[in-house]
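In terms of this note's numbering, the sequence shown has 155 at position 155, counting the first letter as 1, and numbering is strictly consecutive.
Where is the CB? At the ideal position from N, CA and C, for every residue including glycine.
As structure tokens, the structure follows; a few thoughts come after it.
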Amino acid sequence: MGGLDTGSRRSSVKSSPHQSPKIRDKSSPVVQGEQGHNPPDLNLDSQGLLHGNAQIDPGGSDEDGEFSASDFDAESISTTSTRSSSTSISSSILEHSYQNGRRYHRYRHGRYPLPNDEVEQNREDMLHAMMLEATDGRHFYAPIGENPQKIADLGTGTGIWAIDVGEKFPSAEVLGLDLSPIQPSWVPPNVKFMVDDIEDEWLNGDDFDFVHLRNMIPILKSPVTLLKQIYA
Numbered sequence: 001m002g003g004l005d006t007g008s009r010r011s012s013v014k015s016s017p018h019q020s021p022k023i024r025d026k027s028s029p030v031v032q033g034e035q036g037h038n039p040p041d042l043n044l045d046s047q048g049l050l051h052g053n054a055q056i057d058p059g060g061s062d063e064d065g066e067f068s069a070s071d072f073d074a075e076s077i078s079t080t081s082t083r084s085s086s087t088s089i090s091s092s093i094l095e096h097s098y099q100n101g102r103r104y105h106r107y108r109h110g111r112y113p114l115p116n117d118e119v120e121q122n123r124e125d126m127l128h129a130m131m132l133e134a135t136d137g138r139h140f141y142a143p144i145g146e147n148p149q150k151i152a153d154l155g156t157g158t159g160i161w162a163i164d165v166g167e168k169f170p171s172a173e174v175l176g177l178d179l180s181p182i183q184p185s186w187v188p189p190n191v192k193f194m195v196d197d198i199e200d201e202w203l204n205g206d207d208f209d210f211v212h213l214r215n216m217i218p219i220l221k222s223p224v225t226l227l228k229q230i231y232a
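Below, the structure written as structure tokens:
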């Protein structure tokens with residue numbers, strides 16, 4: 001997995017002692033909230049979850065294959081009383097598509113060409129372990145300093161990189177974005193995941209100290225546009 005790191009802060013960073021890379025056991029696919037786990041109704045952070053092209057036009061075509069109008073009704077999105085900034089989403093955004101015996105993401109179906117089933121997740125985690133072996137245990141080379149506060153992992157996949165970095169920087173907020181809701185349900189409290197297309201308009205802010213991206217360039221529609229967004 002070739003890596004691309006972008007960091008907006010320029011200072012030295014010390015690498016931690018090399019540890020044997022770990023491949024995490026995967027639980028049921030969910031989208032993860034702020035406190036390390038979500039109740040069964042899957043309360044998701046509403047900021048940036050559905051935005052831009054992800055809006056549904058009942059009268060238009062479904063060119064991206066993401067939703068049909070029947071997937072949503074007035075009861076499918078409701079504001080919770082316990083967290084005003086959260087929404088409860090019980091729609092096809094958390095479902096999958098199946099083709100030729102393999103499982104794929106349904107949100108923006110076809111946008112990412114590879115499956116998201118357990119076989120593919122194991123391959124991604126093994127590749128992550130191989131990268132750590134090849135880089136002497138380093139998760140990145142960007143000079144972000146020792147106290148980053150806001151980190152984004154674009155195309156987070158199984159979330160293994162985001163989880164590792166969240167453990168390394170417990171005071172930082174780590175946000176993982178991906179088209180597939182395949183991340184584990186138990187993660188560090190400073191790590192959360194969102195289902196999103198990283199090439200859509202960013203509504204999660206642009207004040208990240210560190211933006212991490214790897215193995216994504218071949219499938220991006222416009223790498224230059226995304227890099228401009230990162231550095232905006």
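Residue i in three-state terms, based on DSSP
i    : result
D200 : coil
I182 : coil
E173 : strand
P29  : Note that P29 has pLDDT 38, beneath the 50 cutoff, so the model's placement of it is unreliable and the number below is only indicative. DSSP places P29 in coil when its eight states are reduced to three.
R102 : strand
L94  : helix
I217 : helix
H139 : coil
F208 : coil
Run of the alpha helix (DSSP H) containing residue i, from where it starts to where it stops
i    : result
M194 : Careful: M194 lies outside any alpha helix (DSSP H), inside the beta strand (DSSP E) at 191 to 195.
I163 : 160 to 168
A129 : 118 to 134
K233 : Because the chain is modelled from 1 through 232, residue 233 falls outside the range shown and cannot be assessed.
Residue i and residue j closer than 7 Å at C-beta
i    : j    : result
D153 : G176 : yes
Q183 : G159 : yes
G155 : N190 : no
L179 : H96  : no
Own chain, CB closer than 7 Å to residue i, minus 5 neighbours either side, in chain order
i    : result
L220 : E199, L226
D117 : R102, R103
The ligand FMN heavy atom lying under 6 Å from the CB of residue i
i    : result
D153 : The ligand FMN is absent from the structure shown, which contains no ligands of any kind.
Beta-carbon contacts of residue i that lie in its chain and below 6 Å, excluding the five residues immediately before and after
i    : result
H128 : I160
V224 : none
Whole-angstrom C-beta distance between residue j and residue i, which should lie under 8 Å
i    : j    : result
F208 : K168 : Contact flag wrong, Cβ pair sits at about 16 Å.
A172 : P143 : Going by Cβ atoms, the distance from A172 to P143 rounds to 15 Å, so no, they are not a contact pair.
I272 : P188 : No answer is possible for residue 272: the residues shown for the chain start at 1 and end at 232.
E124 : G157 : 5 Å
Enclosing beta strand (DSSP E) for residue i [first to last residue]
i    : result
L154 : 150 to 154
Close Cβ partners of residue i (< 8 Å) along its chain, the five nearest in sequence each way excluded
i    : result
P170 : P188, N190
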